[in-house]
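*Asks:*
Number of protein chains: 2
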Amino acid sequence: MNRANDLSNSVIFPKGEKLPEEFSKNFVGQAWLQMLVMPGTEYNCPIGNVTFEPGCRNNWHKHAGGQILLVTGGRGWYQEEGKPAQELHPGDVVKIPANVKHWHGAAKDRWFVHLSVETNVQAGPAEWLEPLADEEYSKLI
Amino acid sequence: MNRANDLSNSVIFPKGEKLPEEFSKNFVGQAWLQMLVMPGTEYNCPIGNVTFEPGCRNNWHKHAGGQILLVTGGRGWYQEEGKPAQELHPGDVVKIPANVKHWHGAAKDRWFVHLSVETNVQAGPAEWLEPLADEEYSKLI
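Residue numbers (numbering that gives the first Met the number 0), protein chains in the order written: chain A, 0 to 140; chain B, 0 to 140.
1. For Ala30 of chain A, which option in A:Glu80, A:Lys17, A:His88 and A:Lys24 has the closest C-alpha, if you only look at C-alpha atoms?
2. Do you know offhand how far Met0 of chain A's Cα is from Phe26 of chain B's?
3. On the DSSP bridge list, what partners appear for Phe111 of chain B?
4. Going by the beta-carbon positions, is the gap between Pro96 of chain A and Val70 of chain A smaller than 7 Å?
5. Could you give the C-beta distance for Glu117 of chain B and Cys44 of chain B, rounded to a whole number, given that I count them as a contact under 8 Å?
6. Can you list the residues of chain B that Thr71 of chain A reaches, using a CB-CB cut of under 7 Å?
7. DSSP beta-bridge partners for Glu79 of chain A?
8. Interface residues of chain B around Tyr42 of chain A at Cβ under 8 Å?
9. Strictly below 7 Å CB to CB, what residues from chain A border Val112 of chain B?
10. Look at the Cβ atom of Trp59 of chain B, then the Cβ atom of Glu134 of chain B, and state whether they are nearer than 7 Å.
11. Could you have a look at Val120 of chain A and say whether DSSP puts it in helix, strand or coil?
12. Where does Glu135 of chain A fall in DSSP's three states?
13. Determine which residues share a DSSP beta bridge with Phe12 of chain B and list them.
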């Protein structure tokens, strides 16, 4: 990997720590999380900076209140169930409706960084599901 | 200004258009706005990318539901009424509680870019107040 692709220090916002077990069990590969706005505050709007190593992606999941992804670095993928995966680049914004089954993560050979904004938190937590099939991820270039 | 300080194309997210009159009347100097998540959607979480030219700042104002600023570029200031102004740099996160009178904007000689996340939108719109006194802004280096 050339240096231009090395986002191992994240982009703009702090990289934070390796995902805690409660989240990492729902990921393939390593990701890091720095919460910027914590859950349970008066803002009702948890915001985190998520840094994925190359090849890292999360399992299929749903957010009861929806989620916004703001891509700040690298190259990655977002897929909704039943639709083609969308390639993501810095400056892309993904609006994930409530209860839509999806996954997101890095391209095979590229770091990937996005801010995650959880919306309508009063609707409840995320529901984590099965991993993306390896053969589906391996088709993505 | 050297090229490293030239953020006239914004940072990562699109620069968008000059502020519409409804907002620009509450700013000193020129700013640009690209909405990334529109108001009035199911997300209840308007997000905008705001790019301030050097010296541009907004008037004192309050948000009925609070606001989060995520600083992506340049150098700027945030001040709450009755407190010293805080210098802002990329990676800084400002959590503005509901109904706290404040202003934000660029340093005199630097572009400044932040994402703005409006929280608890059901609480109502922002209340715009008087400009920051020029002699107060001119003290900030």
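All residues carry an ideal CB built from backbone N, CA and C; glycine is no exception.
Because the structure is a prediction, the values reported are computed rather than measured.
*Replies:* Once the coordinates are examined:
1. What you label residue 30 of chain A is simply residue 31 of the first sequence in a count that begins at 1. It is A:Lys17 whose Cα lies nearest to the Cα of Ala30 of chain A.
2. One-based indexing of the first sequence puts residue 0 of chain A at position 1. One-based indexing of the second sequence puts residue 26 of chain B at position 27. Bear in mind that the predicted position of Met0 of chain A carries a pLDDT of just 48, short of 50, making it too unreliable to give a figure here.
3. As a working note, residue 111 of chain B is residue 112 in the second sequence. Phe111 of chain B is bridged to B:Phe51 and B:Gly73.
4. Working through the first sequence from its first residue, we reach residue 96 of chain A at position 97. Working through the first sequence from its first residue, we reach residue 70 of chain A at position 71. Against a cut-off of 7 Å, the Cβ pair of Val70 of chain A and Pro96 of chain A comes out as no contact.
5. The sequence position of residue 117 of chain B within the second sequence is 118, counting from 1. The sequence position of residue 44 of chain B within the second sequence is 45, counting from 1. Indeed they touch by this definition, with Cβ atoms about 7 Å apart.
6. Locating residue 71 of chain A in the first sequence gives position 72, counting from the first residue. Those within 7 Å of Thr71 of chain A in chain B are Ile11.
7. Position 80 of the first sequence, counted from the start, is the residue given in the question as residue 79 of chain A. Partner(s): A:His101.
8. One-based indexing of the first sequence puts residue 42 of chain A at position 43. Going along chain B in sequence order, the residues near Tyr42 of chain A (Cβ under 8 Å) are Gly65, Ile67, Lys94, Thr118 and Asn119.
9. Start at 1 with the first residue of the second sequence, and residue 112 of chain B comes out as number 113. Those do not exist, as Val112 of chain B stays about 10 Å from chain A at its closest Cβ, beyond 7 Å.
10. As a first step, residue 59 of chain B must be located in the second sequence, where it is residue number 60. As a first step, residue 134 of chain B must be located in the second sequence, where it is residue number 135. It is not a contact, given that the beta carbons lie outside the stated cut-off.
11. Translated into the one-based positions of the first sequence, residue 120 of chain A becomes position 121. In this structure, Val120 of chain A counts as helix in the three-state DSSP scheme.
12. For the purposes of this step, residue 135 of chain A is taken as residue 136 along the first sequence, with counting starting at 1. Helix, per DSSP.
13. Within the second sequence, numbered from 1, the residue matching residue 12 of chain B stands at position 13. Per DSSP, none; premise fails for Phe12 of chain B.
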